[in-house]
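What follows is a single structure, written as structure tokens, with notes after it.
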Amino acid sequence: MKANKALKRLTHVEDLLSDVMERYSEGVPEIRQQLLDAKAAVAGAKDAVKLQASAEKQSKPKKASVKKAGVKVPPPKSTRKIGKTKRDYEA
Numbered sequence: 220m221k222a223n224k225a226l227k228r229l230t231h232v233e234d235l236l237s238d239v240m241e242r243y244s245e246g247v248p249e250i251r252q253q254l255l256d257a258k259a260a261v262a263g264a265k266d267a268v269k270l271q272a273s274a275e276k277q278s279k280p281k282k283a284s285v286k287k288a289g290v291k292v293p294p295p296k297s298t299r300k301i302g303k304t305k306r307d308y309e310a
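Residue numbers for the sequence shown, in the numbering used here: 220 to 310.
Shown next, in the form of structure tokens:
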């Protein structure tokens, strides 16, 4: 999976966790703590993907683009083979 797509998905997961945390009652601290841990894990995964993506960008040098001289050659006309004509028979 590409880094940008992974980052988008992790951001979406993080938003969903935040939404659940806002809606969930604060009466049960164990579950709330689990949600906080999950959100922290997703944030750590996002940081890891960002670091990996930046490292890949730095390690890959760009290739110099080579442009070919633009001499356009028309495609050869197809020679249609036709049967003998009157001229062929007269000669």
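For every residue, glycine included, the Cβ atom is placed at its ideal position computed from N, Cα and C. None of these values were measured; they are calculated from a predicted model.
{"Asked": "With DSSP run on the structure shown, which of helix, strand or coil describes Ile250?", "Found": "helix"}
{"Asked": "With contact counted as at least three CB pairs below 8 Å, one residue from each stretch, are the segment 267-275 and the segment 237-255 in contact?", "Found": "no"}
{"Asked": "I need the straight-line Cα distance from Gly289 to Tyr308, nearest angstrom please.", "Found": "46 Å"}
{"Asked": "Can you tell me which of the three DSSP states Lys296 falls into?", "Found": "coil"}
{"Asked": "Would you call Val292 buried or exposed, if buried means 16 or more other Cβ atoms sit within 10 Å of its Cβ?", "Found": "exposed"}
{"Asked": "Counting only runs that start and end within the segment 221-250, where is the alpha helix (DSSP H) found for 4 or more residues in a row?", "Found": "222-242"}
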